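Counting along the sequence shown from 1, when you hit position 146 you're at 146 in UniProt numbering, and nothing is skipped either side. Backbone N, C-alpha and C fix where the C-beta goes; we use that ideal spot for every residue, glycine too. From a predicted model like this one, the values you see are computed outputs, not experimental measurements. These notes concern the structure reproduced below.
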Amino acid sequence: MKLAPNAGIMENYRKARTVEEPSACPFPGLPADTPEVRVRDGSKIRNLMGFAVGRMETDACRQILFSGAGRSVAKAVSCAEILKRRFRGLHQHTRLLYRTAHEVWEPLEPAAGLDSLTVSRSVPAICVLLSKDGLDSGQPGYQAPGACDALWAQAGPEEAAGPRQGQRRKRGAGRGKGARGGPLAGKEGAGHLRKKTAVQA
């Protein structure tokens, strides 16, 4: 049974699985043996990159495709950027599209006589093609090698510096109000804290 999601109905069901409908490759003429890294929500980036790096280290592999849908889009982009930093000189084509996902819901109580439901959703997706060889620069979504190196250079010093001083104080005890030896120490501070606790209760 197929229907649109409804909160009143779905509270009696649990999601059993999600089946993604196959879609055509958005890059016409792509060789059939091109490896594709299909990024899922629960995929480990370390495992994905191990596969991708192993393929791209061989001379026979000239291109690789990353794809992700829904919450996996950001992870697919991250994988592509990591690979571009590992292998300099890669050309990139990016395509944005929608894919159809079918969610199969099973009743919480099978004895209640409810049928299983299939909910169809259109989710945003991305496909990123990386190539050692040149790609058509006139196509939308083309990115030349080294196009984002300046952005990585700007982000590098900030990442290396770590969290700001104010952020470290928030995680630690610090010497703010209420700290030992601070403005609220002693009887006056204790009275203030008791009043505050009473109001919160």
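Whether residue i touches residue j by CB criterion (8 angstroms)
i	j	result
Cys79	Met49	yes
Gly141	Thr94	yes
Leu96	Leu130	no
Ala76	Val39	yes
According to DSSP, residues forming a beta bridge with residue i
i	result
Cys79	Bridge partners of Cys79: none, in fact.
Arg38	Ser67
Thr18	Glu103
Ala125	Ala69, Leu97
Ala143	According to the sequence as given, residue 143 is Gln; it is not Ala. Note: Gln143 sits in a beta bridge opposite Gln92.
Ser23	Paired residue(s): none; Ser23 is not in a bridge.
Leu130	Ile64, Gln92
Contacting residues, own chain, Cβ-Cβ under 8 angstroms from residue i (five flanking each side not counted)
i	result
Ser137	Ala144
Glu21	Arg99, Thr100, Ala101, His102
Distance between beta carbons of residue j and residue i, contact taken as under 8 angstroms
i	j	result
Phe51	Val73	Going by Cβ atoms, the distance from Phe51 to Val73 rounds to 19 angstroms, so no, they are not a contact pair.
Lys132	Leu90	6 angstroms
Cys127	Ser43	Not really, about 16 angstroms apart at Cβ, beyond 8 angstroms.
residue 210	Ala125	Because residue 210 is not part of the residues shown, which for the chain are 1 to 201, the question remains open.
is_contact[residue i, chain B] using C-beta, thresh 8 angstroms
i	result
Tyr98	Included in the structure is just one protein chain, with no chain B present.
Own chain residues within Cβ distance below 6 angstroms of residue i, not counting five before or after
i	result
Asp41	Arg71, Ser72
His102	Val19, Thr118, Ser120
Lys15	Glu103, Trp105
Gln63	Thr34, Ser131
Phe27	Leu129
Sequence-distant residues of its chain with Cβ nearer than 7 angstroms to residue i (five each side left out)
i	result
Arg17	Val104
Asn47	none
Taking contact to mean at least 3 C-beta pairs separated by less than 8 angstroms, is the segment 9–29 in contact with the segment 101–114?
-> Counting C-beta pairs with one atom in each stretch, the segment 9–29 and the segment 101–114 have three or more that are closer than 8 angstroms, which means they touch.
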